[in-house]
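Protein chains in written order, with my numbering: chain A, 46 to 386; chain B, 46 to 386.
Set out below in structure tokens:
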């Protein structure tokens, strides 16, 4: 049995989307056991009249919620009765639980996961690895996308291992092509960090290093994983999302500015709907926090039932395939090949 | 008279686009004097049969060309007879010349400009400032976009001054809103560099500091200038361009996949043509290298005659408005307010 904990509060559609997503997951996955945390009355109300396997669904009452505007380190100390901290403490205390999923505060999650769940032995810092759709129908992971803004060569290499194992385990990509985000493709390009990291990445056994990637190639489908510091990874992802959204907004405005465009767009409605669905990050699961001792998935704040389902599926596959153990082994093997920082 | 030098070689459309662009510029600007460098016979052939004011157009023969694949520091030493180095040495030696424009190797230009033209007194390092169109019809500058990958707080502040003066002088933006590229909007976000830079930028007299900007807001029109290190600036610009281009490519593919879409697109042809023109960087002039003792403009390698014209116009306006002097004064005033690094 795979046992996961789902924090049902702190999201825009809490707890409705979470309860619905949980039921969909239980229906789909026979050996899944789910524990929901949050206001019990509210959760029970959502469950009312629904059919589900009660033996595999549990509710733990948590009267508080951590908001996204709260200072993470303070919130995790002061709000011990919050849905997030109840979930974190449960997974910390009981090794029977394998993973936690939340759509709440990112900062609080990182702080709580790092301080309370702890890291895989040998991993310097956990890192986020969200996925983006590529233009040829695949996906690409970006690790780290914002958890660590000041990083070392060693950390970049660990991000490469963690991302590689994630894509292998959760998405069945056999030998993920991992690129280093840089400002030119040739070896020797970039700042001191990138220049030093390149040869080390190239020599790694557990990583299929594919060289430097320029940011314009992110969506091209040439790579499965992009390795970067959290600052430039964050810039990479948010500018890509921002550009796509601004362009769609502009197209929409321009379409409405002339009747002939409106008629044209009407004919193309099905296509435009597909583009919108393609761009909707909610269809691609959550951003996983890799490097923790347990599976940690952060769904988007505006997650609906389907995106909650996707997050649960992700966590399930990561656990089912033994990702944590594979990552730990690879990190340990790598540590033996380089001097301690 | 504003005297500029145009390197006519090293671009995809050399020298045809350059000569045509030069003639358009001379026709438009009465007090412009242009010197073209490159293979004289090839340039004269392009001039054949054209009408122009010969007193304001000069040609200096340069038999060599620096390719984009050459090592910059080697190329500028070995190819003294190249169109770029002839232009650079001319402007270095003769204070009668005000600026240089090239569409050739970026690396060679940065090396040659830094080593041979020299910096404005007090400026630590020259920086690139390309412009992007915003979705509300304006422009936004990004400084630095790749000339300096390892930067200090002092350098970020100088980028802010140089970019501000550029937007004021070349585009008449009265009080450019300058934002610091960061991974969150609140003060205190980001890595050590950003945390330290924020309060210094906030206290600057010559810069209208508008706080942190997240990369998703680049095209929103909320800011006129984005201040960043060359690494993340490069990621910002190339991922924005890459996302827009990949999306257009996907739209095109999807349009051609169904007849109904083709009919719809036909009705919207005028709109799609406008979107394409809007996205075409060639309509927005070159990326200027700020902080040099003279005006330096780097046009795109694939520049056509109109983009060459835009580059010449940019250089002309920068000189006409006394940008170098204004920048030097502001940098000097700023230097007095902070400790030497």
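Every residue, glycine too, gets a C-beta built ideally from N, C-alpha and C.
For residue i and residue j, what's the separation of their Cα atoms in angstroms?
i	j	result
residue 146 (chain A)	residue 376 (chain B)	51 Å
residue 114 (chain B)	residue 342 (chain A)	44 Å
residue 264 (chain A)	residue 52 (chain A)	31 Å
residue 258 (chain A)	residue 201 (chain A)	14 Å
residue 91 (chain B)	residue 62 (chain B)	9 Å
residue 102 (chain A)	residue 73 (chain A)	14 Å
residue 296 (chain A)	residue 351 (chain B)	26 Å
residue 80 (chain A)	residue 239 (chain A)	42 Å
residue 181 (chain A)	residue 329 (chain A)	15 Å
residue 356 (chain A)	residue 98 (chain A)	20 Å
residue 314 (chain B)	residue 266 (chain B)	26 Å
residue 288 (chain B)	residue 93 (chain B)	42 Å
residue 305 (chain B)	residue 312 (chain A)	6 Å
residue 86 (chain A)	residue 206 (chain B)	57 Å
residue 291 (chain B)	residue 285 (chain A)	10 Å
residue 363 (chain B)	residue 126 (chain B)	28 Å
residue 57 (chain B)	residue 358 (chain B)	20 Å
residue 165 (chain A)	residue 237 (chain B)	26 Å
residue 138 (chain B)	residue 256 (chain B)	41 Å
residue 307 (chain A)	residue 124 (chain A)	51 Å
residue 132 (chain B)	residue 360 (chain B)	15 Å
residue 373 (chain A)	residue 382 (chain A)	15 Å
For the putative contact between residue i and residue j, defined by C-beta atoms under 8 Å, what is the C-beta separation to the nearest angstrom?
i	j	result
residue 54 (chain B)	residue 110 (chain B)	5 Å
residue 178 (chain B)	residue 158 (chain B)	That belief does not hold up - the Cβ atoms of residue 178 (chain B) and residue 158 (chain B) are roughly 26 Å apart, past 8 Å.
residue 100 (chain A)	residue 82 (chain A)	Not a contact, Cβ separation roughly 18 Å.
residue 366 (chain A)	residue 214 (chain A)	4 Å
residue 168 (chain A)	residue 278 (chain A)	About 17 Å; that fails the 8 Å criterion.
residue 371 (chain A)	residue 249 (chain A)	Going by Cβ atoms, the distance from residue 371 (chain A) to residue 249 (chain A) rounds to 15 Å, so no, they are not a contact pair.
residue 334 (chain B)	residue 173 (chain B)	6 Å
residue 197 (chain A)	residue 175 (chain A)	Rounded, the Cβ-Cβ distance is 22 Å, inconsistent with contact.
residue 380 (chain A)	residue 251 (chain A)	The Cβ separation is near 11 Å, so there is no contact.
residue 216 (chain A)	residue 232 (chain A)	About 28 Å separates the two Cβ atoms, so there is no contact after all.
residue 309 (chain A)	residue 309 (chain B)	4 Å
residue 70 (chain A)	residue 354 (chain A)	5 Å
residue 204 (chain B)	residue 272 (chain B)	5 Å
residue 261 (chain A)	residue 283 (chain B)	4 Å
In chain order, what residues of the same chain lie with their CB nearer than 7 Å to the CB of residue i, ignoring the 5 residues before and after it?
i	result
residue 212 (chain B)	186, 218, 221, 269, 270
residue 136 (chain A)	50, 142, 145, 162, 339
residue 95 (chain B)	68
residue 88 (chain A)	53, 60, 64, 81, 104
residue 300 (chain A)	306, 307, 310
Could you work out which residues of chain B lie near residue i, taking near to mean beta carbons separated by less than 7 Å?
i	result
residue 118 (chain A)	Those within 7 Å of residue 118 (chain A) in chain B number zero; the least Cβ separation is about 13 Å.
residue 286 (chain A)	261
residue 281 (chain A)	280, 284
Which chain A residues are close to residue i, counting only those with a beta carbon under 8 Å from its beta carbon?
i	result
residue 310 (chain B)	309, 313
List the residues of chain B that residue i touches, going by C-beta distances under 9 Å, in chain order.
i	result
residue 220 (chain A)	Ordered by position in chain B, no residue passes the 9 Å Cβ test against residue 220 (chain A), which lies about 24 Å from the chain.
residue 305 (chain A)	312, 313, 315, 316
residue 180 (chain A)	291, 292, 294, 295, 298
residue 265 (chain A)	287, 291
residue 320 (chain A)	292, 295, 296, 299
To which residues of the same chain is residue i closer than 8 Å at the C-beta, ignoring the five residues directly before and after it?
i	result
residue 150 (chain A)	55, 111, 112, 113, 115, 117, 120, 129
residue 76 (chain B)	46, 47
residue 293 (chain A)	320, 321, 324
residue 253 (chain B)	209, 220, 221, 222, 223
residue 192 (chain A)	155, 170, 171, 172, 173, 275, 334
residue 160 (chain B)	121
State yes or no: is the C-beta of residue i nearer than 7 Å to some heavy atom of the ligand FMN?
i	result
residue 51 (chain B)	The ligand FMN is absent from the structure shown, which contains no ligand whatsoever.
Note down, in chain order, each residue of its chain lying with its Cβ closer than 6 Å to the Cβ of residue i, except the 5 sequence neighbours on either side.
i	result
residue 152 (chain A)	117
residue 235 (chain B)	227, 228
residue 78 (chain B)	46, 48, 101
residue 390 (chain A)	A question about residue 390 (chain A) goes unanswered here, because the residues of chain A that appear run from 46 up to 386.
Give me the chain A residues within the contact set of residue i, using Cβ-Cβ distance strictly less than 7 Å, ordered along the chain.
i	result
residue 137 (chain B)	Result: empty, since nearest Cβ-Cβ is about 28 Å, beyond 7 Å.
residue 3 (chain B)	Not covered by the structure: residue 3 (chain B). The range shown for chain B is 46 to 386.
Using a cut-off of 9 Å between C-beta atoms, extract the partners of residue i located in chain A.
i	result
residue 235 (chain B)	194, 276
Worksheet item: What residue ranges within the stretch 265-345 of chain B form continuous beta strand (DSSP E) runs of no fewer than 3 residues, ordered along the chain?
Response: 270-272, 332-335, 340-343
Worksheet item: In chain order, which continuous runs of the beta strand (DSSP E) of length 3 or greater are located wholly inside the stretch 161-208 of chain B?
Response: 172-174, 176-178, 184-188
Worksheet item: Can you list, in chain order, the stretches of the beta strand (DSSP E) that have 3 or more residues and sit fully within the stretch 54-94 of chain B?
Response: 77-83
Discussion item. I'd like the ranges of any alpha helix (DSSP H) spanning at least 4 consecutive residues and lying wholly in the stretch 89-161 of chain A.
Written reply: 117-123, 128-138, 151-157
Worksheet item: Which runs of the beta strand (DSSP E) spanning at least 3 residues fall entirely within the stretch 212-276 of chain B, listed in chain order?
Response: 222-227, 253-259, 270-272
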